[in-house]
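All the letters of the sequence shown, read from the start, carry residue numbers 602 to 811 under my numbering.
Okay, structure first, notes after.
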Amino acid sequence: MSTIIESLKWRYATKIFDINRKLTDNQVNTLKHSISLTASSLGLQPYKIIVVSDHKIKKSLFPHSYNQLQITTASHLFVFCAIEKIDDSYTQEFIKLMSKIQNKSMEDLHGYKSMINNFINNSDDGAKLLWASKQTYIAIGNLLTTCALEEIDACPMEGFDAEKYSEILSLKEKGLKVLALVATGFRSKDDKYGIMPKVRKVYSDLFVEM
Numbered sequence: 602m603s604t605i606i607e608s609l610k611w612r613y614a615t616k617i618f619d620i621n622r623k624l625t626d627n628q629v630n631t632l633k634h635s636i637s638l639t640a641s642s643l644g645l646q647p648y649k650i651i652v653v654s655d656h657k658i659k660k661s662l663f664p665h666s667y668n669q670l671q672i673t674t675a676s677h678l679f680v681f682c683a684i685e686k687i688d689d690s691y692t693q694e695f696i697k698l699m700s701k702i703q704n705k706s707m708e709d710l711h712g713y714k715s716m717i718n719n720f721i722n723n724s725d726d727g728a729k730l731l732w733a734s735k736q737t738y739i740a741i742g743n744l745l746t747t748c749a750l751e752e753i754d755a756c757p758m759e760g761f762d763a764e765k766y767s768e769i770l771s772l773k774e775k776g777l778k779v780l781a782l783v784a785t786g787f788r789s790k791d792d793k794y795g796i797m798p799k800v801r802k803v804y805s806d807l808f809v810e811m
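What follows is the structure, encoded as structure tokens:
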């Protein structure tokens with residue numbers, strides 16, 4: 602596809618995937634890489650993604666996803682979770698990583714660390730979860746765009762029982778809170794939504810020029 606606009610026109614929220622077609626390891630790694638490179642506030646990436654390809658696990662999640670066929674027909678299910686405990690310890694590990702990658706001393710990064718800690722320590726748990734959720738959705742958007750560019754079908758989803766997902770995927774033990782899903786794979790010829798025209802607002806209703 603020659604332009605990103607053509608790729609975005611091509612994509613749609615796939616409802617049924619071709620169960621016989623699977624993403625290659627290279628394709629999965631490309632999607633992971635795009636998530637990894639997503640911009641996030643302060644660079645903290647306050648999220649973690651569970652990548653589910655095991656059919657037995659997808660089948661166990663199916664009844665807790667309103668029986669939506671994306672869950673069991675997708676090649677890979679990306680489960681986006683916010684990290685619940687963002688504190689001084691989390692910040693310290695991030696600064697260590699920054700020091701290593703950017704070849705800077707911990708002393709040189711002291712000011713940046715203090716700025717991050719000031720933000721974290723002045724936010725209650727609810728505010729931090731909301732902040733982490735916003736960062737997570739930026740990553741989801743980046744994943745969807747990458748899928749379109751790579752001609753991989755995808756469907757973002759919020760219709761599921763979060764408590765059951767947490768139980769099945771042991772998210773509480775990992776300190777994670779599930780927010781949304783992105784099912785990925787290749788569209789089925791039986792998915793009628795693939796040929797439907799997109800319904801979008803006209804520019805005059807969507808944008809305000811100033």
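We put the CB at the ideal spot given by N, CA and C, even for glycine.
Note that the structure is a prediction, hence the values are computed from the model and not measured.
Could you pull the DSSP bridge partners for Tyr648 from this structure? Ala683
Cβ-Cβ separation, Leu744 to Phe679 (assumed contact under 8 Å), whole Å: 7 Å
Collapsed DSSP secondary structure at Thr692 in the structure displayed: helix
Buried or exposed by the 16-neighbour rule on C-beta atoms within 10 Å, applied to Gln736: buried
State yes or no: is the C-beta of Val779 within less than 8 Å of the C-beta of Tyr766? yes
With DSSP run on the structure shown, which of helix, strand or coil describes Asp806? helix
Comparing alpha-carbon positions, which option in Gln669, Asn719, Phe681, Asn668 lies nearest Ile687? Asn719
Using a Cβ-Cβ cutoff of less than 8 Å, which residues in the same chain neighbour Ser676 once the five nearest sequence positions on both sides are dropped? Phe618, Arg622, Lys623, Leu624, Ser654, Thr785, Gly786, Phe787
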